[in-house]
Amino acid sequence: MEATLIPPIPPDLNSSSSTDSSSTSNRSICRSLRVAEKAKRESQAKDPIVAALEYFSKVEKGTPIQGNYELENNLVAVERVAYSKGLSPEAISVMLEFAMSLRMGTRPCVRILKCLLPSTVVPHQAVVRAVVWLCVGKLSIATQVLFIKWVLTVFDMIDAKDNLRAIYGFLFSFVTEENLCPYICHLLYLLTRKECVRLFRVRKLLELHSKMGKQPYLLHLLSLYKVFCPELVTLSLNSRIRAGFRNHNGPWKLALIAIQKRTAGRVSSDLPLALQTQVKAGSRKRKLGHMDLPVLTAVVQSQKQTSLSKMVVPLAHIQTFVQLLENLHLIELPAQMGSLLGSGVALHFLDCVQDESAFLRLNFWLGHSLHEEFLFCGHGGVSQGSDEAVLFLERLLSTQNFLQEGFSSVEAFLYKFLNVWDGSLLRPQILALLSNLPVVPSSCISRLLSEPLMQLFFTSTVFFKCGLIESLNGMLVKWLTWHSVHALEDGRNVDLDTSMNVSRSGFMLSVGELVRFVGRLASLGLQLEGCHSLLLSFVLDFYDTVCDIFQKYGLPLVVMIPPSVFYLAMFAFDPVSVDRLAQIMYRYKINLTAAKKQEKMTGQAFHISRQTYQEFNHYHVFMVNCLWNSKIFQPGDDIELSEEVLHQSGVPRYWASFSLTHHPAFHCYAIDFHHKCWPERRDVDLKSIHHLQPWGWYLEYLFTQGFDGLRKFIQSSVSTDTTSPTSSQGP
């Protein structure tokens with residue numbers, strides 16, 4: 151049997167095939183590497199900034215500068231990109247690290263600092279590392295000053311400030327350097343928070359102040375320290391320090407503005423530069439739109455919740471009041487509490503639920519915004535009478551009126567703001583906020599209200615005086631309304647506690663102190679303004695409220711109108727003022743009579759002194775004698791003239807000069823009535839009006855002119871038979 155043999159594969163053919171496949175694979179790999187290298191070179195050729203950043207991140211210390219064309223080319227590449235579109239955050243980090251480490255000396259460092267123009271944000275880690283290099287002490291003073299100027303310029307573009315505040319102590323150590331001190335103080339002013347204020351730092355600044363004199367930058371930083379910790383800063387500081395911090399952004403300002411214009415569509419809208427508007431450098435305000443109310447958004451927005459059937463319902467998803475009621479106990483508060491001010495549904499939620507945490511968060515946001523925009527801002531800032539500030543305060547006032555209560559942060563801000571207010575900035579809004587202040591203890595009224603307001607009152611125009619009296623009248627009405635509501639709820643003998651722990655008796659003292667304070671303002675203001683009729687009208691508005699404290703608001707307190715206000719209104723040239731004074735005196739009589747009756751019926755001791763009754767009776771008798779009995783300038787009156795002086799005046803029948811027919815306010819009415827009653831007479835004899843029948847007609851004629859206050863006063867103060875047109879007796 152013959153076997154069949156299979157011929158073997160030739161070894162040469164097998165090895166050659168394997169070699170060919172291996173060499174083909176190697177060639178393909180090498181080709182890929184060459185293609186990748188070529189692509190890399192092409193990309194680097196198109197974007198030289200990449201090569202430049204790689205060079206500056208890897209260059210070793212001690213590399214020579216002279217004749218180093220690679221350094222020059224890379225610097226030119228970085229400058230070209232920086233001045234055209236700005237440097238990215240990564241580029242800022244690389245270049246700042248290279249410059250501050252002085253790997254190649256001071257010359258490249260200065261050149262790089264001048265071209266560090268960010269396109270979007272500045273990484274805070276890069277600034278912190280640069281400060282670390284600053285502490286090494288190898289940089290010249292000029293370079294250190296340039297670096298701090300750069301930090302001040304881009305301060306608003308630094309993505310986070312917390313790490314900078316963490317090295318506050320390192321920065322503060324540079325205040326002893328005379329050349330660096332102005333710029334370091336400016337940077338510290340921007341970074342300072344209450345926890346940064348320490349006694350040893352205050353002492354160091356005071357020591358520098360004694361050595362260097364009244365330098366504005368030191369005074370500004372000390373004034374900020376005094377705001378946070380007044381017990382540590384004993385130096386007396388002017389609240390209006392001039393020329394605090396100057397602008398130090400000269401090398402970068404125009405370039406940054408140009409970059410912003412070119413990259414407006416790419417730069418984040420929530421990081422505007424402080425260089426867009428020329429603002430006084432002393433402003434701490436961060437130009438991040440505190441005046442703009444945030445949009446009502448949910449805390450977590452990873453998924454859109456279209457259904458209100460979730461266990462937690464974001465307040466931003468509530469659109470109607472019905473939905474609010476259905477989900478009242480499932481509501482999730484928004485991410486930013488300031489957005490509540492712009493939402494009616496959110497305000498209903500605050501009013502219905504009375505969530506303490508919501509009020510605390512909203513109070514914190516309001517306090518921060520008001521202090522940043524008004525107390526810490528410089529001249530020319532967004533809050534200086536701009537539409538944004540007006541809209542913000544109007545929305546705040548609308549919120550307080552809706553909730554029928556104020557915010558403690560607004561109250562604290564207002565007490566501070568009144569001490570630096572000029573009386574003209576946002577006057578309507580500030581006065582409206584003033585009228586919403588809650589009850590102030592009587593011991594604090596002088597310090598918190600009287601002292602700052604009195605200075606403004608006596609140095610301002612008559613229109614400000616009118617506005618302030620109106621605001622204080624609104625404050626008094628709110629206080630009295632608050633009392634009447636709480637008295638009905640808690641009972642007449644229960645102490646009424648407010649945020650300042652004012653008891654019922656303390657509340658009466660506060661009201662009395664406020665009324666007396668306004669009385670002093672009104673008395674001196676009317677004398678300064680020559681009894682201006684507009685100011686007198688607002689003063690009488692205030693005493694319209696005061697005269698009805700007992701009857702209308704149930705508070706056993708009666709404070710009489712001051713003599714200076716009473717007599718100025720009594721002898722006013724316009725009949726409206728006299729009529730309103732008569733109405734006020736009529737209401738005083740009603741209140742005092744009711745208080746007397748209630749005191750006799752209940753046996754309670756009211757806080758109405760005997761002197762108050764005596765003052766009213768004195769005014770009442772004087773007014774009746776003046777208008778009705780024609781017996782003015784009698785012995786014992788507040789206005790008393792000797793017979794000799796009265797005769798020398800040459801005024802005929804001077805005792806009747808202020809009767810209802812001869813009073814300057816009613817003289818024209820008496821003449822008009824005389825013409826209507828006796829049209830055929832050419833001469834005017836006003837004594838004929840005092841006859842029996844004409845006198846009654848004249849009274850009816852006055853009453854038909856709308857003088858209801860005069861009518862009530864006469865009918866309640868003079869016997870009926872003498873006021874009737876058919877009276878058988880004269881006046």
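Going by the working numbering, the sequence shown opens with residue 151, and the numbers climb by one from there. By construction, the Cβ of each residue, glycine as well, lies at the ideal position given by its N, Cα and C atoms. This structure is a prediction, so every number in the text was calculated from the model and none was measured.
Based on Cα-Cα distance, which residue from F563, S714, A562, T695 lies nearest to G680?
S714
If I measure Cβ to Cβ from A121 and keep anything under 8 Å in the same chain, skipping five residues before and after, which residues do I get?
Here the chain covers residues 151 to 881 and nothing more, so residue 121 does not appear.
Residues near T342 in its chain [Cβ-Cβ closer than 6 Å; skip 5 each side]
L374
Please go through the same chain and pick out, in chain order, the residues whose beta-carbon is closer than 8 Å to the beta-carbon of A562, but skip the five residues on each side of it.
Only G517 meet the Cβ criterion.
Where D519 falls, given that 16 or more other Cβ within 10 Å makes a residue buried
In the sequence as presented, Asp is not what sits at residue 519; that position holds Ser. Burial call: buried.
Taking the alpha helix (DSSP H) that C331 belongs to, which residues open and close that run?
331-341
With which residues is P268 paired in a DSSP beta bridge?
Bridge partners of P268: L237.
Give me the DSSP bridge partner(s) of V589.
DSSP, once it has assigned bridges, lists no residue as partnering V589.
Are F552 and L618 touching if we call contact CB-CB under 9 Å?
no
Between the beta-carbon of T256 and the beta-carbon of S290, is there less than 9 Å?
yes
Taking DSSP as the reference, what is the three-state secondary structure of E482?
strand
Which of helix, strand or coil DSSP assigns to P844:
helix
Roughly how many angstroms lie between the CA atoms of L742 and L731, to the nearest whole one?
16 Å
Go ahead and pull the three-state DSSP assignment for V503.
helix
Could you tell me whether the Cβ atoms of A227 and P198 are closer together than 9 Å?
yes
Count the other CB atoms, across all protein chains shown, that sit within 10 Å of the CB of L510; report buried if there are 16 or more and exposed otherwise.
exposed
Quick one: what does DSSP say I740 is sitting in, helix, strand or coil?
helix
8 Å contact criterion, which L284 and Q294 should meet: CB distance rounded
6 Å
Limits of the unbroken alpha helix (DSSP H) element including W300
291-303
Note down, in chain order, each residue of its chain lying with its Cβ closer than 7 Å to the Cβ of E765, except the 5 sequence neighbours on either side.
Taken in chain order, the residues that qualify are M710.
Would a C-beta distance cut-off of 9 Å place G675 and K615 closer than the cut-off?
yes
Endpoints, alpha helix (DSSP H) assigned at V286
274-286
Secondary structure at P713, three-state DSSP: helix, strand or coil?
helix
Which word fits V661, buried or exposed, when buried means at least 16 other C-beta atoms lie within 10 angstroms of its C-beta?
Under this definition V661 is a buried residue.
Identify whether V383 lies in helix, strand or coil by the three-state DSSP scheme.
Correct three-state label for V383: coil.
Simplified DSSP state of P602, which is helix, strand or coil
The answer is helix: DSSP assigns P602 an H, G or I state.
Label N477 either buried or exposed according to how many other C-beta atoms from any shown protein chain fall within 10 Å of its C-beta, with 16 as the threshold for buried.
Per the 10 Å Cβ criterion, buried.
So if DSSP puts V463 in a beta bridge, which residue, or which two residues, is it bridged to?
I481
Find the nearest neighbour of F305 within the set G846, A241, H274, judged by alpha-carbon distance.
H274
Taking its Cβ as the centre, do 16 or more other Cβ atoms sit within 10 Å of G148, making it buried, or is it exposed?
Given that the chain is displayed from residue 151 to residue 881, the structure contains no residue 148 and the question cannot be resolved.
Close Cβ partners of V665 (< 6 Å) along its chain, the five nearest in sequence each way excluded:
V696, V709
Taking the alpha helix (DSSP H) that H359 belongs to, which residues open and close that run?
349-362
Check the DSSP bridge columns for I308 and list the partner residues they point to.
V272
Can you list, in chain order, the residues of its chain whose CB lies under 6 Å from that of L603, leaving out five sequence neighbours each side?
none
Anyone know if the C-beta pair for M735 and C776 falls short of 9 Å?
In this structure, C776 does not lie closer than 9 Å to M735 by Cβ.
C-beta atoms of I317 and V281 nearer than 9 Å
yes
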